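Residue numbers (my numbering): 9 to 493.
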């Protein structure tokens, strides 16, 4: 528990640091990685008495909590590992993620059985633990910023405990269409929406996802919903599924997360990145490059991207020996079989393309199926074409990062399923994520683009990408909780 009540609190599954248990039994800290953690950390550093509440993710994290070890401005919650696994893997990653990204193989799934019900109770308990910790730590009238789909029930639970607080919830994923959200059991769907509507402000990366949320709320049979007050906000008067009638006003807003251009360029020009770049240049040997960097996440559409590259080499044989596809596809959620199988399929398809088209002095695909951010930054710098073709993505910062770092300018092939599509589509070559042939033709057009046009497009893409970097993005959400903001 913090020594004094906090005026600004952030709640997220993952925190700004983690612990490691050394051989001598001591605990050491490691700072969290990624632009979002860095941006939130920088923003919170400017907030007096700010507190970040997160889950203890490892045995070392839990040991730190039990020993009373803590860092200023951070509180970790020691949640039972079984409850955490149910909530995180069983519900957040296997149900909510699949629902919002429209990933279900509908003839076979979902099937909401007794095991799902048990896991849903764990998800509710996990969210309740966060709500209770926030209620305990928050000063009167404090601002609480809840992050992502792992904690969708927190605003509603926290509103019950502390009606004085100003609460926001930001969803980093897409929001499901009403048809997909309606797959959830009725009571679960209502609890999910009611939990979100406990916030004063609900935020999304784009209006596409915000509109999906509004549509789902309107179609909920047991709720009476007011019409939008304006294009910028919608307010609701809600009936609680728990029984008593209560009134809530929830604003739906959009905060499109960008990248910090200066920080990203500084990271990309460190000596270790220079070394990786030299190695990649030697492997590419002066050929043009198509670059993609993704987790092996089902929604990233890596397999169709590789199929499109194979069709490019088939339909436009002039590119054989003249282009290399640098694909960084680092493993994600390997504790789930469907993700392990997908990662293996990516590696297998890359090998098939190399076997079909490769020569003694040309390997068509250079794939890295491991988490190597240094290599990814080197590939960014080398990119002639960036391929970002997700089926469905909350934002996709890679689409914004590559134009910022690419040295010679890059043509961006971007699918309509990316959250970044709305901001970047004017200067990207846009494709239907399911249309392999159209993606192959877009790759051909991107590779054929004149250098001057490519440079101009890259300049405009980079300007759009850096419009709202992480720290101002967080501060905009905080300002939205200020009355009359």
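Quick reminder that beta carbons are idealized off the backbone N, C-alpha and C, glycines included.
Here the structure is a predicted model, which is why all the values come from computation and not from measurement.
Residues in the same chain with beta-carbon distance under 8 Å from residue 540, minus the five sequence neighbours each way, listed in chain order, please.
Residue 540 cannot be examined here, being either before or after the span of the chain that is shown, 9 to 493.
Just verifying my parser: in three-state terms, what is the DSSP assignment at residue 259?
Position 251 of the chain shown, counted from the first residue, corresponds to residue 259. It is a strand residue.
Rounded straight-line distance, which links the Cα of residue 85 to that of residue 288
Position 280 of the chain shown, counted from the start, is the residue given in the question as residue 288. Position 77 of the chain shown, counted from the start, is the residue given in the question as residue 85. Approximately 43 Å between the Cα atoms of the pair.
Do the segment 169-179 and the segment 386-394 meet, that is, are 3 or more Cβ pairs less than 8 Å apart?
no
To the nearest whole angstrom, what separates the beta carbons of residue 186 and residue 227, a pair I think is in contact under 8 Å?
Reading the chain shown from its first residue, position 178 is the one you call residue 186. Reading the chain shown from its first residue, position 219 is the one you call residue 227. The pair is a contact, with the Cβ atoms about 5 Å apart (cut-off 8 Å).
Kindly indicate which three-state DSSP category residue 91 falls into: helix, strand or coil?
Counted from its first residue, the chain shown places residue 91 at position 83. Of the three classes helix, strand and coil, the one that applies to residue 91 here is helix, per DSSP.
For residue 427 and residue 404, which I take to be in contact (beta-carbon distance under 8 Å), what is that distance rounded to the nearest angstrom?
Residue mapping note: residue 427 aligns to position 419 of the chain shown, counting from 1. Residue mapping note: residue 404 aligns to position 396 of the chain shown, counting from 1. Confirmed, Cβ separation roughly 6 Å.
Let me know if residue 398 comes out buried or exposed under the rule of 16 or more other beta-carbons within 10 Å of its beta-carbon.
In the chain shown, the residue the question calls residue 398 occupies position 390. By the 10 Å Cβ count, residue 398 comes out buried.
Just to check my reading of the structure: residue 35 and residue 68 have Cβ atoms closer than 8 Å, yes? What is that Cβ distance to the nearest angstrom?
Along the chain shown, read from residue 1 onward, the residue named residue 35 stands at position 27. Along the chain shown, read from residue 1 onward, the residue named residue 68 stands at position 60. Going by Cβ atoms, the distance from residue 35 to residue 68 rounds to 6 Å, so yes, they are a contact pair.
Going by DSSP, what residue range makes up the alpha helix (DSSP H) through residue 308?
Along the chain shown, one-based indexing puts residue 308 at 300. No alpha helix (DSSP H) holds residue 308; DSSP gives it neither H nor E.
Which class does residue 84 belong to by DSSP, given the choice of helix, strand or coil?
Along the chain shown, read from residue 1 onward, the residue named residue 84 stands at position 76. Strand, per DSSP.
Residue 302 versus residue 126 - alpha carbon distance
Position 294 of the chain shown, counted from the first residue, corresponds to residue 302. Position 118 of the chain shown, counted from the first residue, corresponds to residue 126. Approximately 32 Å between the Cα atoms of the pair.
Using only the alpha-carbon positions, how far apart do residue 312 and residue 217 sit?
Here residue 312 refers to the residue found at position 304 when the chain shown is read from its first residue. Here residue 217 refers to the residue found at position 209 when the chain shown is read from its first residue. If you take the alpha carbons of residue 312 and residue 217, they lie about 24 Å apart.
Residues near residue 252 by beta carbon distance below 7 Å, same chain, minus five either side:
For the purposes of this step, residue 252 is taken as the residue at position 244 of the chain shown. Only weak support exists for where residue 252 lies, its pLDDT of 37 falling under 50; the value from the coordinates is given anyway. For residue 252, where only same-chain residues beyond five positions count, there are no Cβ hits under 7 Å.
So, for residue 321: in the same chain, excluding its five sequence neighbours on each side, which residues have a beta-carbon less than 7 Å away from its beta-carbon?
For this step, residue 321 is matched to residue 313 along the chain shown. Around residue 321: 327, 328, 365 and 372.
Would you say residue 332 lies against chain B (beta-carbon separation less than 9 Å)?
Absent from the structure is chain B; it holds one protein chain and no more.
How should residue 323 be labelled, buried or exposed, when 16 other C-beta atoms within 10 angstroms of its C-beta is the threshold for buried?
As a first step, residue 323 must be located in the chain shown, where it is residue number 315. When all chains shown are included, residue 323 counts as exposed.
What is the DSSP secondary structure of residue 338, counted as helix, strand or coil?
As a working mapping, residue 338 is identified with position 330 in the chain shown. Strand at residue 338.
Residue 240 classed as buried or exposed, judged by whether at least 16 other C-beta atoms fall within 10 angstroms
As a position in the chain shown, residue 240 is number 232, starting the count at 1. At residue 240, the pLDDT of 36 sits below 50, so the modelled position is not reliable; the number obtained from the coordinates is stated separately. That one is exposed.
With a floor of 3 residues, list each beta strand (DSSP E) that falls wholly inside the segment 415-441, ordered by position along the chain.
419-423 and 437-439
Assumed close pair residue 163, residue 213 - CB separation to whole angstroms, cut-off 8 Å:
The residue labelled residue 163 in the question sits at position 155 within the chain shown. The residue labelled residue 213 in the question sits at position 205 within the chain shown. That belief does not hold up - the Cβ atoms of residue 163 and residue 213 are roughly 18 Å apart, past 8 Å.
Is the segment 130-141 in contact with the segment 94-103, if contact means three or more CB pairs nearer than 8 Å?
yes
Taking the alpha-carbon positions, what's the residue 477 to residue 190 distance?
As a position in the chain shown, residue 477 is number 469, starting the count at 1. As a position in the chain shown, residue 190 is number 182, starting the count at 1. One C-alpha to the other measures close to 34 Å.
Just to confirm the assignment, what range does the beta strand (DSSP E) spanning residue 148 have?
Here residue 148 refers to the residue found at position 140 of the chain shown. 146-155 is the extent of the beta strand (DSSP E) around residue 148.
Coarse secondary structure for residue 169, derived from DSSP in three states
Position 161 of the chain shown, counted from the start, is the residue given in the question as residue 169. Here residue 169 sits in helix by DSSP.
If you draw a straight line from the C-alpha of residue 271 to the C-alpha of residue 277, how long is it?
Taking the chain shown and counting its residues from 1, the one referred to as residue 271 is at position 263. Taking the chain shown and counting its residues from 1, the one referred to as residue 277 is at position 269. Approximately 10 Å between the Cα atoms of the pair.
Within 10 angstroms of the Cβ of residue 356, are there 16 or more other Cβ atoms? Answer buried if so, exposed if not.
If you number the chain shown from 1, residue 356 lands on position 348. Exposed.
Does residue 27 come out as helix, strand or coil in the three-state DSSP assignment?
Stepping through the chain shown from its first residue, residue 27 is reached at position 19. Here residue 27 sits in strand by DSSP.
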